[in-house]
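Below: the structure, in structure tokens.
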Amino acid sequence: MGDHIISVESEKPAAILRTPTTKDAPQIWRLVEESGVLDPNSSYLYLLLCRDFADTCLVACHGKNVVGFVTAYRMPHDPSTLFVWQIGVAPEAQRQGIAMKLLQELIERCGSTSIKAIEATVAPSNIASQRLFESLAQSHGVQLIEKPEDGFDASDFPPGDHEAEPRIRVEFSNAAEV
1 MGDHIISVES
11 EKPAAILRTP
21 TTKDAPQIWR
31 LVEESGVLDP
41 NSSYLYLLLC
51 RDFADTCLVA
61 CHGKNVVGFV
71 TAYRMPHDPS
81 TLFVWQIGVA
91 PEAQRQGIAM
101 KLLQELIERC
111 GSTSIKAIEA
121 TVAPSNIASQ
131 RLFESLAQSH
141 GVQLIEKPED
151 GFDASDFPPG
161 DHEAEPRIRV
171 EFSNAAEV
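Below is the structure:
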């Protein structure tokens, strides 16, 4: 798959979107740790994502600094569905449309004609992600489908104060129009 770079325009320097490498994994891990919203995973997992799932992940960079990322994978039982694992943008780069550009570029790179839906689980308190996926659905003229029964209950997580994460789905009406 050929890598191409696109710029995200704003008043700040343009963010460059590109395929991640293992060199990006520590910065992605740091963004997750500092987000206060995303569930941190081991640094090893981000290395694996950047190496073994790089074709379904992207980073947004200002110079050498990763300021945003999306990690995703094709569902094993339905490769036409892309599951977005995590998406995050550094505080200093928020409100520039980077998260939406990451999703749109990911759909394009994964083959817009072969992606029929995007799914994710989103905690109710993660308002930014809720709005992002609502905007994605709206931009494609479709509805955001909530499937709480296919997500995770709070009791599915280890003991603590993790809230439920209902599954959401954006189904594209015509994959060729994505």
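Residue numbering for the sequence shown follows UniProt numbering, starting at 1 and increasing by one per position.
Glycine is no exception: its CB is placed at the ideal position from the N, C-alpha and C atoms.
Given the structure is predicted, the values throughout are model-derived calculations rather than measurements.
Cβ neighbours of residue i in the same chain (closer than 6 Å, five flanking residues each side left out)
| i | result |
| --- | --- |
| alanine 123 | Glu163, Glu165 |
| alanine 99 | Ile87, Val89, Leu132 |
Chain B contact for residue i (CB, 9 Å cutoff)
| i | result |
| --- | --- |
| arginine 169 | Reference to chain B is not applicable here, since this structure consists of a single protein chain. |
Range of the contiguous beta strand (DSSP E) that encloses residue i
| i | result |
| --- | --- |
| isoleucine 118 | 117–121 |
| leucine 82 | 78–89 |
| alanine 72 | 65–75 |
Close Cβ partners of residue i (< 7 Å) along its chain, the five nearest in sequence each way excluded
| i | result |
| --- | --- |
| valine 125 | Here the sequence assigns serine to residue 125, which means valine is not the residue at that position. Excluding positions up to five away in sequence, the list reads Glu163. |
| alanine 176 | Confidence at alanine 176 is low in this model, with a pLDDT of 43, below 50, so the placement of that residue should be treated as unreliable; the coordinate-derived value is given next. So the qualifying residues of the chain are Thr113. |
| alanine 137 | Gln143, Leu144, Val170 |
| cysteine 110 | Thr56, Leu82 |
Rounded C-alpha distance that separates residue i from residue j
| i | j | result |
| --- | --- | --- |
| aspartate 24 | alanine 120 | 23 Å |
| tyrosine 44 | glycine 141 | 38 Å |
| arginine 131 | glutamine 27 | 25 Å |
| residue 196 | isoleucine 118 | The structure shown does not extend to residue 196, since the chain spans only 1 to 178, so no value can be given for it. |
| arginine 169 | aspartate 156 | 20 Å |
| glutamate 92 | glutamate 108 | 26 Å |
| isoleucine 115 | histidine 77 | 14 Å |
| cysteine 61 | phenylalanine 69 | 9 Å |
| serine 135 | arginine 74 | 21 Å |
| proline 158 | phenylalanine 152 | 12 Å |
| aspartate 39 | glutamate 33 | 8 Å |
| aspartate 161 | leucine 17 | 34 Å |
| glycine 63 | arginine 167 | 34 Å |
Beta carbon of residue i nearer than 9 Å to that of residue j
| i | j | result |
| --- | --- | --- |
| proline 79 | cysteine 50 | no |
| valine 67 | alanine 15 | yes |
| valine 37 | serine 129 | yes |
| valine 89 | leucine 31 | yes |
Range of the contiguous alpha helix (DSSP H) that encloses residue i
| i | result |
| --- | --- |
| histidine 37 | Per the sequence shown, residue 37 should be read as valine rather than histidine. Here valine 37 belongs to no alpha helix (DSSP H), and DSSP marks it neither H nor E. |
| tyrosine 109 | Checking the sequence shown, residue 109 turns out to be arginine, not tyrosine. Where arginine 109 is concerned, the enclosing alpha helix (DSSP H) stretches over 98–109. |
| arginine 131 | 127–139 |
Own chain residues within Cβ distance below 8 Å of residue i, not counting five before or after
| i | result |
| --- | --- |
| residue 238 | A query on residue 238 cannot be resolved here, the shown segment of the chain reaching from 1 to 178 and no further. |
**OP:** Count the CB pairs spanning the region 148–163 and the region 94–104 that are closer than 8 Å, and state whether there are at least three.
**Re:** no
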